[in-house]
Amino acid sequence: MKRKIDINCDMGESLDFLFSGHDEALMAFINSVNIACGFHAGSQEIMERTIENAHKYDLNIGAHPGFDDKPNFGRNEMELSFAEVKELVSAQLLIIDKVLKAKGIKMNHVKPHGALYNMSAKNTEYARAIAEAVYEFDNDLILFGLSGSVSISEAQKKGLKTYAECFADRSYQSDGSLANRSLPNALKSDIEDIKKQTHSLVNGSAINTLDGRLIELQCDTICIHSDTPNAIEFAKAIYDVVNS
Numbered sequence: 014m015k016r017k018i019d020i021n022c023d024m025g026e027s028l029d030f031l032f033s034g035h036d037e038a039l040m041a042f043i044n045s046v047n048i049a050c051g052f053h054a055g056s057q058e059i060m061e062r063t064i065e066n067a068h069k070y071d072l073n074i075g076a077h078p079g080f081d082d083k084p085n086f087g088r089n090e091m092e093l094s095f096a097e098v099k100e101l102v103s104a105q106l107l108i109i110d111k112v113l114k115a116k117g118i119k120m121n122h123v124k125p126h127g128a129l130y131n132m133s134a135k136n137t138e139y140a141r142a143i144a145e146a147v148y149e150f151d152n153d154l155i156l157f158g159l160s161g162s163v164s165i166s167e168a169q170k171k172g173l174k175t176y177a178e179c180f181a182d183r184s185y186q187s188d189g190s191l192a193n194r195s196l197p198n199a200l201k202s203d204i205e206d207i208k209k210q211t212h213s214l215v216n217g218s219a220i221n222t223l224d225g226r227l228i229e230l231q232c233d234t235i236c237i238h239s240d241t242p243n244a245i246e247f248a249k250a251i252y253d254v255v256n257s
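If you count the sequence shown from 1, you need to add 13 to reach the numbering used here.
Listed below in structure tokens is the structure:
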């Protein structure tokens with residue numbers, strides 16, 4: 014049975030993508046945008062311009078908080094306390110919300126970035142800290158997290174609405190985790206393979222894992238990566254399958 018699926022994309026992370034029109038071109042094929050808050054990437058100017066473009070396309074606008082680690086683009090794990098993770102997220106929500114409010118726009122959701130996202134998918138303390146930060150900031154916000162992960166379950170325990178996120182251009186392990194980017198075939202580059210996985214996610218069918226098994230995933234939103242080669246071609250293909 015076909016599901017109504019949201020399509021999201023992480024943005025506000027690159028001046029080149031912003032001013033070249035790359036990010037805006039992708040906006041035609043998504044419903045929700047997750048905007049970097051200046052910690053792992055981005056700046057005040059990039060944030061403002063990305064918000065303006067997203068509003069023009071009537072997209073759901075969300076925060077994309079990450080570790081305070083621009084040299085590594087927020088992709089390296091950091092060992093922080095519960096309080097430190099909570100403060101990390103809260104600070105970034107305040108930053109982007111100030112920009113949104115100045116433009117009369119309400120934040121819709123929160124999706125952690127990179128290593129913070131991955132750690133919260135398996136680390137209960139990180140997941141709880143993020144859920145608590147989001148809930149206390151605005152309990153109407155939706156938390157985007159890896160499908161089947163503790164990020165989703167801890168947010169739901171807190172009373173937050175959640176979107177289980179899946180990936181059309183990534184391979185999965187049999188436990189539902191994403192295959193490490195360093196593994197062969199972890200990143201999908203064949204458009205027919207991406208369309209096939211999207212079709213399975215949309216229709217609630219099982220997908221093939223990297224280790225040769227079949228798993229089913231709850232899917233509320235599919236992530237598109239703006240920084241992959243052929244990103245716009247992939248985005249259109251995913252959009253066409255979701256909306257067919």
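Positions of the beta carbon are idealized from the N, C-alpha and C atoms, including for glycine.
Can you have a look at residue i and say buried or exposed, based on whether 16 or more other CB atoms are within 10 angstroms of its CB?
| i | result |
| --- | --- |
| Lys124 | buried |
| Gly264 | With the chain running from 14 to 257 in the structure shown, residue 264 is simply not present. |
| Glu205 | exposed |
| Arg141 | buried |
| Phe95 | exposed |
| Gln105 | buried |
| Glu92 | exposed |
| Glu149 | exposed |
| Asn152 | exposed |
| Thr175 | buried |
| Asp71 | exposed |
| Asp203 | exposed |
| Ser184 | buried |
| Leu29 | Strictly speaking, residue 29 in this sequence is Asp, with Leu absent from that position. Flag for Asp29 reads exposed. |
| Gly55 | buried |
| Ala244 | buried |
| Glu167 | buried |
| Asn21 | buried |
Within this structure, are the beta carbons of residue i and residue j separated by less than 8 Å?
| i | j | result |
| --- | --- | --- |
| His53 | Gly127 | yes |
| Val98 | Ile143 | yes |
| Ala181 | Gln210 | yes |
| Pro78 | Cys50 | yes |
| Asp36 | Asn66 | yes |
| Lys171 | Glu145 | yes |
| Ala177 | Ile207 | no |
| Asn89 | Asp82 | yes |
How many whole angstroms separate the CB atoms of residue i and residue j, which I take to be in contact at a CB cut-off of 8 Å?
| i | j | result |
| --- | --- | --- |
| Leu129 | Gly87 | 7 Å |
| Ile59 | Leu31 | 6 Å |
| Gly189 | Gly161 | 4 Å |
| Glu61 | Val112 | 6 Å |
Here's a check: name, in chain order, each residue in its chain whose Cβ is nearer than 8 Å to the Cβ of residue i, leaving out the five neighbours to either side.
| i | result |
| --- | --- |
| Asn121 | Ser45, Asn73, Ile74, Gly75, Leu154, Ile155 |
| Arg194 | Leu200 |
| Leu173 | Ala144, Val147, Tyr148, Asn152, Leu154, Ile155, Leu156 |
| Leu290 | The requested residue 290 is not part of the displayed model; the chain covers only 14 to 257. |
| Asn136 | Val163 |
Ignore the nearest five residues each way along the sequence and tell me which others in residue i's own chain have a CB closer than 6 Å to its CB.
| i | result |
| --- | --- |
| Ser164 | Ser133, Ala134, Ala140, Gly158 |
| Leu214 | Cys179, Cys232 |
| Thr63 | Met24, Gly25, Ile48 |
| Arg226 | Ser187 |
| Glu138 | Phe95 |
| Ala192 | Ser184, Gln186, Ala199, Leu223 |
What does a CB cutoff of less than 7 Å around residue i pick up in its chain, not counting 5 residues either side in sequence?
| i | result |
| --- | --- |
| Asp224 | Gln186, Ser187 |
| Ile108 | Cys50, Gly51 |
| His212 | Val254 |
| Ile228 | Tyr185, Ser187, Gly189, Ala219, Ile220, Thr222 |
| Tyr252 | Ile20, Phe42 |
| Ser257 | none |
| Asn198 | Ser184, Leu223 |
message: Across the region 15-33 and the region 232-244, are there enough close Cβ pairs to call them in contact, namely three or more that are closer than 8 Å?
response: As far as the Cβ criterion goes, the region 15-33 touches the region 232-244, which means the pair count is three or higher.
- request: Decide if the region 236-243 is in contact with the region 34-43; the criterion is three or more beta carbon pairs, one per stretch, under 8 Å apart.
  value: The region 236-243, when compared against the region 34-43, does touch it at the 8 Å Cβ threshold.
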